[in-house]
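Report on the structure given below.
Residue numbers (the numbering used here): 317 to 697.
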């Protein structure tokens, strides 16, 4: 597979053009822990040497499985992990990293990333603690995850700047908010954008006219739609997609996209075909349901304000950032064919915390930016 650089500042780390993600119940979907380890090794054999994980994935199990793979051949992998927002204070951060190192069975983490910034812990304090870990030799390079443009600029002006290699954000044909601010900033400062959910949680493959063009292009190129969508990302030298694979077939599909460089005309055609329909929608017109018991959040404003699940950042904390002008990405909705008596014309598909934060920030008086899915695609969430 084509090799690329993870960051191009003072130090470069060579990795494959496609990474391996371990989120979304990677171990469970692999069928067994032994099979999950085999998949990681097979991915590395195919050139996907960057493995992205986190202590929160399957309550540490994903890191432990990556650790088993490292035991067999540490030099084969470049390992990226994270620390949760509640561990953003210096002492907690050290404990989190030490726990990750134990589970990964290694002496150092190749890339340590902020998973989400903690809104109540000074950002510079977290960056300073990360820098100390590099100086101690526990970490090789640093990354930022789910950060705003302003936070990336703050990091670039901090003592952590010489060690920064990447910014991780959701990025796909179906979700391109990162292209507006974060990606140009990465290009300017020699940072790599690690694209999580690079197939838009499957939406890219079923998104109406866009998916039709994707399928046609894949046939012409002698590949399949998923590989073509990954190649759309990987054709940008500053982007490394990190898809998850639950089978060897998926791995080979993902790996094939690493050597598929799309022509500029093809990339532009796909970008136009998948151009999101973004509307400003009154928050009272959006129904909020609880369709995902595996990932509970809040269905009422009172629940959101109370934040009894202890989410970090919680809706009220995120509301402060939104009121100051920050919104990482729009929520996603589907139009309802039969609006109810409650005035709901849309169903919220993705972004409940962002939705409630927006309601809190503007007291329900301002319309929220929303990606409106084509009719019939709402099950692709």
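C-beta: ideal position from N, C-alpha, C; glycine also.
Note that the structure is a prediction, hence the values are computed from the model and not measured.
* How many angstroms separate the CA atom of residue 519 from the CA atom of residue 560? -> Stepping through the chain shown from its first residue, residue 519 is reached at position 203. Stepping through the chain shown from its first residue, residue 560 is reached at position 244. The alpha-carbon atoms of residue 519 and residue 560 are separated by roughly 15 angstroms.
* Asked: Quick one: is residue 591 buried, meaning 16 or more other Cβ sit within 10 Å of its Cβ, or exposed?
  -> Along the chain shown, read from residue 1 onward, the residue named residue 591 stands at position 275. Classification of residue 591: exposed, given that the 10 Å Cβ count is below 16.
* In the DSSP assignment, what are the bridge partners of residue 399? -> Here residue 399 refers to the residue found at position 83 when the chain shown is read from its first residue. DSSP output for residue 399 lists 430 as bridge partner(s).
* Quick one: what's got a C-beta closer than 7 angstroms to residue 675's C-beta in the same chain, skipping five residues either side? -> Translated into the one-based positions of the chain shown, residue 675 becomes position 359. Only 599 and 617 meet the Cβ criterion.
* Unbroken alpha helix (DSSP H) run spanning residue 669, endpoints -> Residue mapping note: residue 669 aligns to position 353 of the chain shown, counting from 1. Where residue 669 is concerned, the enclosing alpha helix (DSSP H) stretches over 668-677.
* **CB-CB length for residue 274 against residue 356, believed under 8 angstroms** => What the structure shows of the chain is the stretch from 317 to 697, and residue 274 is not part of that stretch, so it cannot be assessed.
* **Residue range of the unbroken beta strand (DSSP E) whose run includes residue 624** => The count along the chain shown starts at 1 and reaches residue 624 at position 308. First-last for residue 624: undefined, no H or E at that position.
* To do: Return the CA-CA distance between residue 489 and residue 683, expressed in angstroms with no decimal places.
  => To locate residue 489, count along the chain shown from 1; it is residue 173. To locate residue 683, count along the chain shown from 1; it is residue 367. Straight-line Cα distance between these residues: approximately 25 angstroms.
* Nearest-angstrom beta carbon gap, residue 415 and residue 371 [assumed within contact, 8 angstroms] -> Your numbering for residue 371 matches position 55 in the chain shown. Your numbering for residue 415 matches position 99 in the chain shown. The pair is a contact, with the Cβ atoms about 6 angstroms apart (cut-off 8 angstroms).
* Within the same chain, show all residues whose beta-carbon is closer than 8 angstroms to that of residue 389, passing over the 5 residues directly before and after it, in chain order. => For the purposes of this step, residue 389 is identified with residue 73 of the chain shown, where counting begins at 1. Contacts found: 357 and 360.
* According to DSSP, which residues form a beta bridge with residue 648? -> The residue you call residue 648 lines up with position 332 of the chain shown. Bridge partners of residue 648: 666 and 687.
* Starting from the C-beta of residue 574, find all residues in its chain whose C-beta is less than 7 angstroms away, skip the five residues before and the five after it, and write them out in chain order. => Translated into the one-based positions of the chain shown, residue 574 becomes position 258. Contacts found: 317, 318, 332, 333, 334, 363 and 550.
* If residue 501 sits next to residue 476, beta carbons under 8 angstroms apart, how far is it from one beta carbon to the other, in whole angstroms? -> Taking the first residue of the chain shown as 1, we reach residue 501 at position 185. Taking the first residue of the chain shown as 1, we reach residue 476 at position 160. Going by Cβ atoms, the distance from residue 501 to residue 476 rounds to 15 angstroms, so no, they are not a contact pair.
* In terms of DSSP beta bridges, what is residue 603 paired with? -> Position 287 of the chain shown, counting from 1, holds the residue named residue 603. According to DSSP, which records beta bridges pairwise, residue 603 is partnered with 663.
* Using the Cα positions of residue 445 and residue 571, report the straight-line distance between them to the nearest angstrom. => As a position in the chain shown, residue 445 is number 129, starting the count at 1. As a position in the chain shown, residue 571 is number 255, starting the count at 1. Each residue's Cα considered, the two are about 35 angstroms apart.
* residue 725 by DSSP, collapsed to three states: which one? -> This structure leaves residue 725 out entirely; the chain is present only between 317 and 697.
* Out of curiosity, what's the CA-to-CA distance linking residue 696 and residue 347? -> Within the chain shown, residue 696 is the residue found at index 380, counting from 1. Within the chain shown, residue 347 is the residue found at index 31, counting from 1. Because residue 696 carries a pLDDT of 39, less than 50, the predicted location of this residue cannot be relied on, and no value is offered for it.
* Asked: By a C-beta neighbour count over all protein chains shown, 10 Å radius and 16 as the cutoff for buried, is residue 368 buried or exposed?
  -> Taking the first residue of the chain shown as position 1, residue 368 is located at position 52. That one is buried.
* In the DSSP assignment, what are the bridge partners of residue 560? -> In the chain shown, the residue the question calls residue 560 occupies position 244. BP columns for residue 560 point to 337.
* Asked: Out of 429, 594 and 345, which has the shortest C-alpha to C-alpha gap to residue 481?
  -> As a working mapping, residue 481 is identified with position 165 in the chain shown. If we check each option's Cα against that of residue 481, 429 comes out closest.
* **residue 457 - partner residues in DSSP beta bridges** => Taking the first residue of the chain shown as position 1, residue 457 is located at position 141. 427.
* To do: Look at the alpha carbon of residue 431 and the alpha carbon of residue 588, and state the distance between them as a whole number of angstroms.
  => Residue numbering aside, residue 431 sits at position 115 when the chain shown is read from its first letter. Residue numbering aside, residue 588 sits at position 272 when the chain shown is read from its first letter. If I take the Cα positions, the gap works out to 31 angstroms.
* If you compare alpha carbons, which of 530, 456, 483 and 539 is closest to residue 468? -> Taking the chain shown and counting its residues from 1, the one referred to as residue 468 is at position 152. The option with the nearest alpha carbon to residue 468 is 483.
* Roughly how many whole angstroms lie between the Cα atoms of residue 597 and residue 666? -> Taking the first residue of the chain shown as position 1, residue 597 is located at position 281. Taking the first residue of the chain shown as position 1, residue 666 is located at position 350. If I take the Cα positions, the gap works out to 14 angstroms.
* Asked: Any idea if residue 508 is buried or exposed, counting beta-carbon neighbours within 10 angstroms, 16 or more meaning buried?
  -> Mapped onto the chain shown, residue 508 falls at position 192. With 16 or more Cβ atoms within 10 Å of its Cβ, residue 508 is classed as buried.
* Asked: Expressed to the nearest angstrom, what Euclidean distance is found between the alpha-carbon atoms of residue 427 and residue 557?
  -> In the chain shown, residue 427 corresponds to position 111, counting from 1. In the chain shown, residue 557 corresponds to position 241, counting from 1. In a straight line, the C-alpha of residue 427 is about 16 angstroms away from that of residue 557.
* To do: Express the C-alpha separation of residue 536 and residue 455 in angstroms, rounding to a whole number.
  => Stepping through the chain shown from its first residue, residue 455 is reached at position 139. Stepping through the chain shown from its first residue, residue 536 is reached at position 220. C-alpha separation (whole angstroms): 44 angstroms.
* **Expected contact under 8 angstroms - CB spacing of residue 530 and residue 545 to nearest Å** => Against the chain shown, residue 530 aligns to sequence position 214. Against the chain shown, residue 545 aligns to sequence position 229. So it is a contact: roughly 6 angstroms between Cβ atoms.
* Status (buried if at least 16 other CB within 10 Å, exposed otherwise) for residue 434 -> The residue labelled residue 434 in the question sits at position 118 within the chain shown. Buried, by the Cβ-count rule.
* Asked: Relative to the C-alpha of residue 534, which residue among 567, 496 and 583 is closest?
  -> The residue given as residue 534 occupies position 218 in the chain shown. Nearest of 567, 496 and 583 to residue 534, Cα basis: 583.
* Compare the Cα-Cα distances from residue 678 to each of 585, 639, 576 and 408 and report the closest residue. => For the purposes of this step, residue 678 is taken as residue 362 along the chain shown, with counting starting at 1. Looking at the Cα atoms, 639 is the closest of the given residues.
* To do: Take residue 629 and list the residues in its own chain whose beta-carbon comes closer than 6 angstroms to its own, dropping the five residues that flank it on each side.
  => The sequence position of residue 629 within the chain shown is 313, counting from 1. Only 435 meet the Cβ criterion.
* Asked: In chain order, what residues of the same chain have a beta carbon less than 7 angstroms from the beta carbon of residue 663, not counting five sequence neighbours either side?
  -> Counting from one through the chain shown, the residue named residue 663 turns up at place 347. Once the five neighbours on either side are set aside, the close Cβ partners of residue 663 are 603, 605, 649, 650, 652 and 694.
* Asked: In the DSSP assignment, what residue or residues form a beta bridge with residue 332?
  -> By one-based count along the chain shown, residue 332 stands at place 16. Paired residues: 319.
* To do: Note down the Cα distance separating residue 777 from residue 492, rounded to an integer number of angstroms.
  => There is no way to answer for residue 777, as the model of the chain reaches only from 317 to 697.
* Does DSSP classify residue 368 as helix, strand or coil? -> In the chain shown, the residue the question calls residue 368 occupies position 52. Strand.
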